[in-house]
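Right, one structure below, let's go through it.
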Amino acid sequence: MFKPEVDSTLVKKEDSIKHVMRVIDRGGIGTAFVINEKSILIGSVTDGDIRQAILKGADINSKISSVMNVDPVFLYEDSLSRTHIVFEAVSKLLNRSEANLYMPVVNKDKVLIKLILCSKLIKFEKGNSLKNSLPKSILIVGGAGYLGSILCRKLIKAGYKVRVLDLLLFGKESLKELLSHPSFELVEGDMRNITTVVSALKGINAVVNLAAIVGDPACQKYPESAIETNYLANKLLAEACKYHQINRFVYASTCSVYGIGNGKLDENSALNPVSLYARSKIKSEEAILSLMDENFSPCILRMSTLYGLSPRMRFDLVVNTMTMKAVTEGKITVFGGKQFRPLLHTSDAADAYIKCLKAPIDKIKGQIFNVGSDDQNYRISEIGKKVKSIVKDAELIINEDSSDPRDYLVSFKKINKQLGFATNVTIPFAVKEIKKTLDSGLIKDVKQPRYYNVGEN
297 MFKPEVDSTL VKKEDSIKHV MRVIDRGGIG TAFVINEKSI LIGSVTDGDI RQAILKGADI
357 NSKISSVMNV DPVFLYEDSL SRTHIVFEAV SKLLNRSEAN LYMPVVNKDK VLIKLILCSK
417 LIKFEKGNSL KNSLPKSILI VGGAGYLGSI LCRKLIKAGY KVRVLDLLLF GKESLKELLS
477 HPSFELVEGD MRNITTVVSA LKGINAVVNL AAIVGDPACQ KYPESAIETN YLANKLLAEA
537 CKYHQINRFV YASTCSVYGI GNGKLDENSA LNPVSLYARS KIKSEEAILS LMDENFSPCI
597 LRMSTLYGLS PRMRFDLVVN TMTMKAVTEG KITVFGGKQF RPLLHTSDAA DAYIKCLKAP
657 IDKIKGQIFN VGSDDQNYRI SEIGKKVKSI VKDAELIINE DSSDPRDYLV SFKKINKQLG
717 FATNVTIPFA VKEIKKTLDS GLIKDVKQPR YYNVGEN
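Position one of the sequence shown corresponds to residue 297 (my numbering), numbered consecutively onward.
And the structure:
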């Protein structure tokens, strides 16, 4: 169980708001405690207090004394056995904010000596229990999409509150059963609109940006939108997060930035983009990382090509396309076949983002991670063979001509070593689940435009 260290939560009234926010981000409980020159507790402040102050025009370089609570809730150590006093203190603390999970305990001189989880101090009625960690509110930009709709569900199941900002180009069917969930909120809007972005950031602790014009064909068809969404709007969103001191920012990039590479490519390998999509992602990576300072802690995830079922299903991704055509047309057509492509199931992909949201902020700050697994670097021809091994009646056709020059073998050692990330789902499992769904008739018409971003990614 997480046990906060008192010293990691202490600040002085002369400290700047920016410094205190850094302490809060690293302290892990969402709160800092203000002490005077004699180490006496004189105030408290939460990350929410700071963000509210910034919204009202506070300068992050001003003193924390200008925004702190001057009457902090606390308990004297010798009153811990007095039930009615403890109950009143816990109730008062939680009335201020449900995010206040830890009660500060002071000695007779009012010096903070320990922090106790409120749920350890009193018993709560059934259905009103406290969790052992700070409940976080996460904004997922692009949360109604192929990956986002899965990430939303996993985060809510893990105890997070989730807000989605999405233009809903493909509708909100992917979020249907979440719309009435108390831990979920949907904001329909365009991330290119600064007013929409600022409104969506209110009350948020961390941001995951999945929004993009995805894939090479879509970017070729809509180049202006690709530049606006994939680069300019991403930079705008990151700048807004930095200004509002929402310092944990996870950005979805792509392994397509490697383009054509020699040998196994890691995060330090040269980038060789062969499309507008990849170039726009590189520009965004550079812009976002350039904003990093003592507090703002962006993290870049270069995603493998995704596959698998999703509430917002896509049939323009290589594994999904081959499986769909094997089931519905009895043919698997492989173009080229020798090109390497790293692959990743949607469930595993969502887990990578959760790893970044849970990790100590210094562990992900300024980091770029390739997301996938070394054992799922496949040649396109190998993917076709794996699909055929499940859909046995399908004919495998190899067409050596290919208009897609991408060919990259990727290393995923860094994310495994630093974050302990490992994949669990394989291509055969995904092919079986897609085949079962198609055979059941749950998807009536695989040709519907909502299943395609534009062409194959």
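The beta carbon of each residue, even a glycine, is placed where N, CA and C say it ideally should be.
Check your understanding: Which ranges does the beta strand (DSSP E) cover as unbroken runs of at least 3 residues, wholly within the stretch 568-628, from first to last along the chain?
Key -> Runs found: 593-599, 601-603.
Exercise for review: Verify whether the separation of the beta carbon atoms of Ile350 and Tyr539 is less than 9 Å.
Suggested key: Taking the sequence shown and counting its residues from 1, one reaches residue 350 at position 54. Taking the sequence shown and counting its residues from 1, one reaches residue 539 at position 243. Yes, Cβ-Cβ distance for Ile350 and Tyr539 is below 9 Å.
Check your understanding: Which class does Glu421 belong to by DSSP, given the choice of helix, strand or coil?
Key -> For this step, residue 421 is matched to residue 125 along the sequence shown. Only weak support exists for where Glu421 lies, its pLDDT of 45 falling under 50; the coordinates are left without a value.
Review point. Would you report the Cα separation of Gly680 and Asn616, rounded to the nearest angstrom?
Key: As a first step, residue 680 must be located in the sequence shown, where it is residue number 384. As a first step, residue 616 must be located in the sequence shown, where it is residue number 320. Rounded to the nearest angstrom, the two C-alpha atoms are 11 Å apart.
Practice item. Check each candidate in Val458, Tyr554, Gly485, Lys450 and name the one with the smallest Cα separation from Pro701. Key: The residue labelled residue 701 in the question sits at position 405 within the sequence shown. The shortest C-alpha separation from Pro701 is found at Tyr554.
Practice item. Give every residue of the same chain whose Cβ lies closer than 7 Å to the Cβ of Lys427, excluding the five residues on either side of it in the sequence, and list them in chain order. Key: On the sequence shown, position 131 is the one that residue 427 refers to. Here the model assigns Lys427 a pLDDT of 45, short of 50, so the residue's position is not dependable, and the following value carries that caveat. Within the same chain, Lys427 has close Cβ partners Gly455.
Exercise for review: Answer yes if the stretch 728-735 comes into contact with the stretch 666-674, meaning at least three C-beta pairs across the two stretches below 8 Å, and no otherwise.
Suggested key: The stretch 666-674 vs the stretch 728-735: no contact.
Check your understanding: Looking at the structure shown, is Ala534 part of a helix, part of a strand, or coil, going by DSSP?
Key -> Within the sequence shown, residue 534 is the residue found at index 238, counting from 1. Note: Ala534 maps to helix in three-state DSSP.
Check your understanding: Which of helix, strand or coil does DSSP assign to Val510?
Key -> Your numbering for residue 510 matches position 214 in the sequence shown. Of the three classes helix, strand and coil, the one that applies to Val510 here is coil, per DSSP.
**Study point:** Touch test, the stretch 630-642 against the stretch 592-607, Cβ-Cβ under 8 Å, three pairs minimum
**Key:** Contact holds: three or more Cβ-Cβ distances are below 8 Å.
Review point. Between which two residues does the beta strand (DSSP E) harbouring Met399 extend?
Key: Counted from its first residue, the sequence shown places residue 399 at position 103. Going by DSSP, Met399 is part of the beta strand (DSSP E) stretching over 398-402.
Practice item. Answer with buried or exposed for Gly626, where buried requires no fewer than 16 other C-beta atoms within 10 angstroms of its C-beta. Key: For the purposes of this step, residue 626 is identified with residue 330 of the sequence shown, where counting begins at 1. Gly626 is exposed by the Cβ-count criterion.
**Study point:** Euclidean distance between Cα positions of Val458 and Leu572
**Key:** The residue given as residue 458 occupies position 162 in the sequence shown. The residue given as residue 572 occupies position 276 in the sequence shown. Their backbone Cα atoms lie some 31 Å apart in a straight line.
Exercise for review: Look up Glu696 in the DSSP assignment and say whether it is helix, strand or coil.
Suggested key: One-based indexing of the sequence shown puts residue 696 at position 400. Looking at Glu696 - three-state DSSP - the assignment turns out to be coil, as it is neither helix nor strand.
Practice item. Tell me the start and end of each unbroken beta strand (DSSP E) in the stretch 623-657 that is at least 3 residues and wholly inside, in chain order. Key: Counting only runs of 3 or more, we get 627-631, 636-641.
Point to revise | Simplified DSSP assignment, three categories, for Glu752 | key: As a first step, residue 752 must be located in the sequence shown, where it is residue number 456. Bear in mind that the predicted position of Glu752 carries a pLDDT of just 41, short of 50, making it unreliable; the figure below should be weighed with that in mind. Residue state, collapsed to three classes: coil.
Review point. Can you give the Cα-Cα distance for Leu461 and Val494, rounded to whole angstroms?
Key: Counting from one through the sequence shown, the residue named residue 461 turns up at place 165. Counting from one through the sequence shown, the residue named residue 494 turns up at place 198. Each residue's Cα considered, the two are about 11 Å apart.
Practice item. In angstroms with no decimal places, state the Cα-to-Cα distance between Ile412 and Thr342. Key: Position 116 of the sequence shown, counting from 1, holds the residue named residue 412. Position 46 of the sequence shown, counting from 1, holds the residue named residue 342. Cα to Cα, Ile412 sits roughly 17 Å from Thr342.
Review point. Name the DSSP bridge partner or partners of Lys740?
Key: Along the sequence shown, one-based indexing puts residue 740 at 444. Beta-bridge partners of Lys740 (DSSP): none assigned.
Check your understanding: Which class does Val493 belong to by DSSP, given the choice of helix, strand or coil?
Key -> The residue given as residue 493 occupies position 197 in the sequence shown. Three-state DSSP puts Val493 in a helix.
Review point. Among Tyr518, Ala536, Ala522, which residue has its Cα nearest to the Cα of Thr756?
Key: An answer regarding residue 756 cannot be provided, because it is not within the stretch 297 to 753 covered by the chain.
Review point. Going by beta carbon distance, what residues of the same chain come within less than 6 Å of Leu532, once the five residues before and after it are set aside?
Key: Taking the first residue of the sequence shown as 1, we reach residue 532 at position 236. By the criterion of a C-beta distance shorter than 6 Å, Leu532 is surrounded by no residue of its chain, once the five residues flanking it on both sides are discounted.
Review point. So what's Ser479 in DSSP terms, helix, strand or just coil?
Key: On the sequence shown, residue 479 is found 183 positions in, with the first residue counted as 1. If DSSP states are grouped into helix, strand and coil, Ser479 belongs with coil.
Exercise for review: Use the C-beta contact count for His292: other C-beta atoms within 10 angstroms, 16 or more gives buried, fewer gives exposed.
Suggested key: For the chain, the structure presents residues 297 to 753; residue 292 sits outside this window and is missing.
Review point. How long is the line joining the alpha carbons of Asp321 and Ile509, rounded to whole angstroms?
Key: Here residue 321 is taken as the residue at index 25 of the sequence shown, counted from 1. Here residue 509 is taken as the residue at index 213 of the sequence shown, counted from 1. Near 32 Å, if we compare the C-alpha coordinates of Ile509 and Asp321.
Point to revise | Extent of the continuous beta strand (DSSP E) run through Thr327 | key: Residue mapping note: residue 327 aligns to position 31 of the sequence shown, counting from 1. Thr327 -> beta strand (DSSP E) spans 327-331.
**Study point:** Leu426, DSSP secondary structure in three states
**Key:** As a first step, residue 426 must be located in the sequence shown, where it is residue number 130. Bear in mind that a pLDDT of 44 at Leu426, under 50, signals an unreliable position, so the model cannot answer this.
Check your understanding: Does the distance from the CB of Pro400 to the CB of Val369 come in under 9 Å?
Key -> On the sequence shown, residue 400 is found 104 positions in, with the first residue counted as 1. On the sequence shown, residue 369 is found 73 positions in, with the first residue counted as 1. Closer than 9 Å, so yes.
Check your understanding: So Leu461 is in the beta strand (DSSP E); what residue range does that whole segment cover?
Key -> By one-based count along the sequence shown, residue 461 stands at place 165. Its beta strand (DSSP E) spans residues 457-462.
Point to revise | Inter-residue Cα distance where the pair is Ala293 and Ile694 | key: Coverage of the chain is limited to positions 297 through 753, which leaves residue 293 absent and any answer about it impossible.
Point to revise | 6 Å CB neighbourhood of Leu306 in its chain, flanking five on each side removed | key: One-based indexing of the sequence shown puts residue 306 at position 10. Counting only residues of its own chain and dropping the five nearest sequence neighbours on each side, Leu306 has a CB closer than 6 Å to the CB of Phe329, Ile331.
Exercise for review: Alpha carbon to alpha carbon, how far is Val386 from Ser362? Give it in angstroms, no decimals.
Suggested key: Position 66 of the sequence shown, counting from 1, holds the residue named residue 362. Position 90 of the sequence shown, counting from 1, holds the residue named residue 386. Going by the C-alpha atoms only, they are around 25 Å apart.
Point to revise | Separation of Gly326 from Met364, as counted between CA atoms | key: Within the sequence shown, the letter at position 68 stands for residue 364. Within the sequence shown, the letter at position 30 stands for residue 326. Cα to Cα, Met364 sits roughly 13 Å from Gly326.
Point to revise | Classification of Gln744 by the beta-carbon crowding that lies within 10 angstroms, buried from 16 upward | key: Position 448 of the sequence shown, counting from 1, holds the residue named residue 744. Under this definition Gln744 is an exposed residue.
**Study point:** Among Met620, Val721, Gly662, Thr525, the one whose alpha carbon lies nearest that of Asp647
**Key:** In the sequence shown, counting from the first residue as 1, residue 647 sits at position 351. Per the Cα distances, Val721.
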